[in-house]
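These notes concern the structure reproduced below.
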Ligand code: NAD
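Residue numbers (this note's numbering): 8 to 502.
This is the structure in structure tokens:
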């Protein structure tokens, strides 16, 4: 990959650090090589980006929605022609293997395609003759009809703050629909995947997006905080861990912004005794260890019900042993590195804690055959995990699967209901009765039945519940259109 300098993109131009006192070393986690020094800028850079977006807003919002979408149609073509380049960038900067990196780009393109429907999605409603009126003085009883219309209008400057784990896709949950609806945008991506984000934004210019409509500020907490509280920002879309999501939601709403904040997760997968065994093991395997467990839809708690444990536990351990932990660029890579050494420490600490808390360590990722480096840990499986253990309750965000055996369907569903998180829950079964009980009673907003990662396509909202989401309108789907627009109601009569 050609190393792109870590620069802001403001008003269509690359902008060097604006007074940053420190920088962040953005690395290739497979090798430890520093790819870029990312300026940890704050208020000055954010203000420049928001001003550029505010200046671009009048012309962009006045551009017919169909013309705005033409730019997105072009952008899709640009992304298709840069597909391999973006894939390589993700493999290098994030550490994903090639199929996972391709999935990241493809799911991002899905969001562009959906945003191209903005002319239909933004349509308002009209109800003619909603009432009849006479004049105030009642001297004339004219029965004049009143017509009423609702139309959707953009908000102004919107902001997005994104995590590291889907460097191309998650920013595309936000800015394409925001700009399709006529807003302008400032993106603050994760400092850990800055180069992918810069490329994503620069390619939009190549597709013909006018300067200032989409801007990007690099940085960490200072940049986020300045953006969330900037007086000209109308809406904040955030994706990241739960403690930060909670804080961003509180700060943004206290500052008078609308906010949607997607947080972390601890997702349960129930395996019923009647499940198709091969499909259940394969589904759990991909959910727990795909993307090295760094998905908000990663299944991290497997709940075999009754005697399902007899076949499920040995089979999942056996299957996990077959995953090759390697650099994402390795053609046989089943699981790449974690994003950084701190994540690796968090995962190995969770393994130590799990042993101390009394869970059975069936597969120890520290012992896996894997490349040298600070970011690798192999698939790890604990059995006989119980509620209250860190392994049961906290998001580890790495390749650690906790098995929590339960005797009955009721007990298993109850685990999902007790969890403070509510992103997703999955069941493997061949029973329609069990599946129907599960889909209506599980305590999560995204449900998989015989599907390990029930990721909604872009036409549906990404519907986390409880501590996995703060706000009321989710990312994607029609929720996104509502989030990025305001309703204007017109009532009229003509004499
Ligand atoms: P993170 O919370 O550390 O960082 C996310 C973003 O917030 C980054 O841009 C970061 O620079 C910024 N940030 C960090 N601390 C901040 C603070 N105190 N104030 C303001 N901004 C701050 O998350 P991460 O490690 O990059 O990503 C992993 C997390 O994201 C996991 O918890 C995962 O479950 C979650 N996630 C959730 C979803 C979802 O849709 N629910 C999707 C993807 C990832």
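All C-beta atoms in this analysis are idealised placements derived from N, C-alpha and C, irrespective of residue type, glycine included.
Reduced DSSP secondary structure (H/G/I, E/B, other) of residue i
{"i": "residue 455", "result": "strand"}
{"i": "residue 502", "result": "coil"}
{"i": "residue 8", "result": "Note that residue 8 scores 47 on pLDDT, short of 50, meaning its location in the model is unreliable and no value can be drawn from it."}
{"i": "residue 491", "result": "coil"}
{"i": "residue 323", "result": "helix"}
{"i": "residue 180", "result": "coil"}
{"i": "residue 352", "result": "helix"}
{"i": "residue 141", "result": "coil"}
{"i": "residue 158", "result": "strand"}
{"i": "residue 103", "result": "coil"}
{"i": "residue 383", "result": "coil"}
{"i": "residue 425", "result": "helix"}
{"i": "residue 474", "result": "coil"}
{"i": "residue 90", "result": "helix"}
{"i": "residue 366", "result": "coil"}
{"i": "residue 43", "result": "strand"}
{"i": "residue 57", "result": "helix"}
{"i": "residue 433", "result": "strand"}
{"i": "residue 338", "result": "coil"}
{"i": "residue 16", "result": "strand"}
{"i": "residue 98", "result": "helix"}
{"i": "residue 108", "result": "helix"}
{"i": "residue 417", "result": "helix"}
Proximity below 8 angstroms, CB of residue i to CB of residue j
{"i": "residue 488", "j": "residue 188", "result": "yes"}
{"i": "residue 102", "j": "residue 37", "result": "yes"}
{"i": "residue 230", "j": "residue 53", "result": "yes"}
{"i": "residue 247", "j": "residue 178", "result": "no"}
{"i": "residue 387", "j": "residue 359", "result": "no"}
{"i": "residue 503", "j": "residue 429", "result": "The structure shown does not extend to residue 503, since the chain is modelled only from 8 to 502, so the question has no answer here."}
{"i": "residue 133", "j": "residue 156", "result": "yes"}
{"i": "residue 271", "j": "residue 477", "result": "no"}
{"i": "residue 228", "j": "residue 264", "result": "no"}
{"i": "residue 205", "j": "residue 16", "result": "yes"}
{"i": "residue 292", "j": "residue 324", "result": "no"}
{"i": "residue 35", "j": "residue 100", "result": "yes"}
{"i": "residue 85", "j": "residue 266", "result": "no"}
{"i": "residue 202", "j": "residue 211", "result": "no"}
{"i": "residue 296", "j": "residue 261", "result": "no"}
For residue i, the first and last residue of its enclosing beta strand (DSSP E)
{"i": "residue 33", "result": "30-34"}
{"i": "residue 241", "result": "240-246"}
{"i": "residue 407", "result": "407-410"}
{"i": "residue 311", "result": "306-311"}
{"i": "residue 167", "result": "164-168"}
{"i": "residue 267", "result": "265-269"}
{"i": "residue 330", "result": "From DSSP, residue 330 is part of no beta strand (DSSP E); its letter is neither H nor E."}
{"i": "residue 223", "result": "221-223"}
{"i": "residue 194", "result": "191-195"}
Anticipated Cβ contact below 8 angstroms, residue i with residue j, distance rounded
{"i": "residue 208", "j": "residue 225", "result": "Not a contact, Cβ separation roughly 11 angstroms."}
{"i": "residue 219", "j": "residue 60", "result": "6 angstroms"}
{"i": "residue 461", "j": "residue 454", "result": "6 angstroms"}
{"i": "residue 300", "j": "residue 405", "result": "5 angstroms"}
{"i": "residue 409", "j": "residue 392", "result": "4 angstroms"}
{"i": "residue 308", "j": "residue 411", "result": "6 angstroms"}
Element boundaries [alpha helix (DSSP H), containing residue i]
{"i": "residue 446", "result": "439-448"}
{"i": "residue 275", "result": "Careful: residue 275 lies outside any alpha helix (DSSP H), inside the beta strand (DSSP E) at 274-278."}
{"i": "residue 70", "result": "Run containing residue 70: none; DSSP gives neither H nor E here."}
{"i": "residue 123", "result": "Taken as a continuous stretch (DSSP letters only), residue 123 belongs to no alpha helix (DSSP H), as it is neither H nor E."}
{"i": "residue 212", "result": "201-213"}
- Between the region 247-254 and the region 390-399, do three or more beta carbon pairs fall short of 8 angstroms? Touching, no, given that fewer than three Cβ pairs across the two stretches are closer than 8 angstroms.
- Query: Between the region 233-247 and the region 153-170, do three or more beta carbon pairs fall short of 8 angstroms?
  - Reply: They touch, by the three-pair rule.
- Just checking, does the region 41-51 make contact with the region 68-82 on the three C-beta pairs under 8 angstroms criterion? no
- Item | Segment contact, 8 angstroms Cβ cut-off, at least three pairs: the region 255-263 with the region 416-432 | no
- Query: Are three or more beta carbon pairs between the region 174-191 and the region 274-285 nearer than 8 angstroms?
  - Reply: no
- Query: Does the region 89-109 come within contact of the region 324-340, defined as at least 3 CB pairs closer than 8 angstroms?
  - Reply: yes
- Message: Below 8 angstroms, how does it come out for the region 311-328 and the region 457-473: are there three or more Cβ pairs, yes or no?
- Response: no
- Using 8 angstroms as the threshold, is the region 443-455 in touch with the region 484-499, meaning 3 or more CB pairs across them? no
- Message: Does the contact criterion of 3 or more C-beta pairs under 8 angstroms hold for the region 363-379 versus the region 319-333?
- Response: yes
- Does the count of Cβ pairs from the region 343-357 and the region 109-123 closer than 8 angstroms reach three? Not touching, per the Cβ criterion.
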